[in-house]
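I have placed the structure first, in the form of structure tokens, so that the comments after it can refer back to it.
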Amino acid sequence: RPGWRTDVAYFFMSHVLVQFILILVTASTSTIAGLAAFPSLKAAIQSLPVWAQFLIAVFVADMAQALLHRAYHNVPWLWRFHAVHHSSRHMDWLAGSRIHFIEIVMTRSAVLLPLLVLGFSTPAVNAYVILVGLQAVLAHANLGIRFGWLEYLVVLPRYHHWHHARQKEYIDVNYAIHLPLVDMLMGTFKLPRDQAQWPQEYGVMKLETVPKGIVRQHVMPFQGGRRFDDYVD
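Residues in the sequence shown are numbered from 3 upward in steps of one, following this note's numbering.
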């Protein structure tokens, strides 16, 4: 498909190199968590089994990421970076890798910070980091499977595909990456009831705002010109 070479380059940058670095960083979670400003809450979290910490961490991280994700769509200078992710005209597991390096750093920092401050254990945080990589692939995958009621519990392909739909009524919805509950709480949940209904077109509303190629796409957010700032997806 068109653009696959660009997405392969992004895959190695975002899913291989960056995820590997993040796993190494989270190895120091216990030391960083010692600086937590909420000792009683930290103690309560650390008293829980790892599986329970993991489930709570998924909710906390998804809420933090969804709030930042919403800002990506509504703050012009942030949209400059996030537009790269939405520039793919074809949705599949590889398209999910198309993320500007600066956005990767901002998102992972915003997500890991509350987990570290609240004192989640290293195994719980590492498990979450692994989940992020796996679910990012799943959410963007081109799987026409009907998951039924599971679509309301876990973010699955059709749910996230509608977030990428090139339709104005879906521009400001479905920001969660793990739990639809997060979007329900934020008032940004939107999913057609007919499970056979999928987007007909993907990509940013103004296709000309994002150039082709990983190098030009990484330079694009730093270039001037109203063509990037007069529209927020």
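Note that the Cβ used here is the ideal one computed from N, Cα and C, for glycine as well.
Legend entry - C-alpha gap between alanine 141 and histidine 162, whole angstroms: 6 Å
Inset, instruction - Pick helix, strand or coil for tyrosine 177, following the three-state DSSP scheme. - result: coil
Legend entry - Cβ-based burial, phenylalanine 83 [other Cβ within 10 Å; buried from 16]: Phenylalanine 83 should be labelled buried.
Inset, instruction - Quick one: measure Cβ to Cβ for arginine 100 and serine 90, integer angstroms, because I've assumed they're closer than 8 Å. - result: 5 Å
Inset, instruction - Could you tell me the distance, in whole angstroms, from the CA atom of valine 10 to the CA atom of alanine 46? - result: Taking the straight line joining both Cα atoms gives about 42 Å.
Inset, instruction - Would you list the one or two residues that DSSP bridges to tyrosine 204? - result: By DSSP's assignment, tyrosine 204 forms a beta bridge with Ala167.
Inset, instruction - Would you identify the three-state DSSP class for tryptophan 53, choosing helix, strand or coil? - result: When secondary structure is reduced to three states using DSSP, tryptophan 53 falls in the helix class.
Legend entry - Residue closest to leucine 57, alpha-carbon to alpha-carbon, out of Ser16, Met15 and His180: Leucine 57 has its Cα closest to that of His180, out of Ser16, Met15 and His180.
Inset, instruction - Helix, strand or coil for valine 127, going by three-state DSSP, please let me know. - result: helix
Inset, instruction - In angstroms with no decimal places, state the Cα-to-Cα distance between arginine 7 and glycine 98. - result: 13 Å
Legend entry - proline 4 classed as buried or exposed, judged by whether at least 16 other C-beta atoms fall within 10 angstroms: Flag for proline 4 reads exposed.
Legend entry - phenylalanine 191 - DSSP class collapsed to helix/strand/coil: coil
Inset, instruction - Tell me, please, whether the region 170 to 185 touches the region 216 to 225 by the rule of three or more beta-carbon pairs shorter than 8 Å. - result: no
Inset, instruction - Specify, as a first and last residue, the run of the alpha helix (DSSP H) that aspartate 9 falls within. - result: Segment 6 to 13, the alpha helix (DSSP H) holding aspartate 9.
Legend entry - Range of the contiguous alpha helix (DSSP H) that encloses valine 217: 216 to 221 is the extent of the alpha helix (DSSP H) around valine 217.
Inset, instruction - Taking all protein chains shown into account, decide if glycine 121 is buried (16 or more other Cβ within 10 angstroms of its Cβ) or exposed. - result: That one is buried.
Inset, instruction - Mark tryptophan 53 as exposed unless 16 or more other C-beta atoms lie within 10 angstroms of its C-beta, in which case mark it buried. - result: exposed
Legend entry - With 16 other Cβ atoms within 10 Å as the buried cut-off, status of leucine 117: buried
Inset, instruction - Within its chain, find whatever has a CB closer than 6 Å to the CB of methionine 65; leave out the 5 residues flanking it on each side and keep chain order. - result: Val184
Legend entry - Residue environment, valine 86, which counts as buried when at least 16 other CB atoms sit within 10 Å: Around the beta carbon of valine 86, 16 or more other beta carbons lie within 10 angstroms, which makes this residue buried.
Inset, instruction - Give the secondary structure of histidine 71 by DSSP, where H, G and I count as helix, E and B as strand, and everything else as coil. - result: Here histidine 71 carries a helix assignment [DSSP, helix/strand/coil].
Inset, instruction - With DSSP as the reference, label glutamine 48 as helix, strand or coil. - result: Helix.
Legend entry - Sufficient close CB pairs (3 or more, under 8 Å) joining the region 186 to 204 to the region 159 to 174: A contact exists between the region 186 to 204 and the region 159 to 174.
Inset, instruction - Just list the beta strand (DSSP E) runs in the region 86 to 135, keeping only unbroken ones of 3 residues or longer that don't cross its boundaries, in chain order. - result: none
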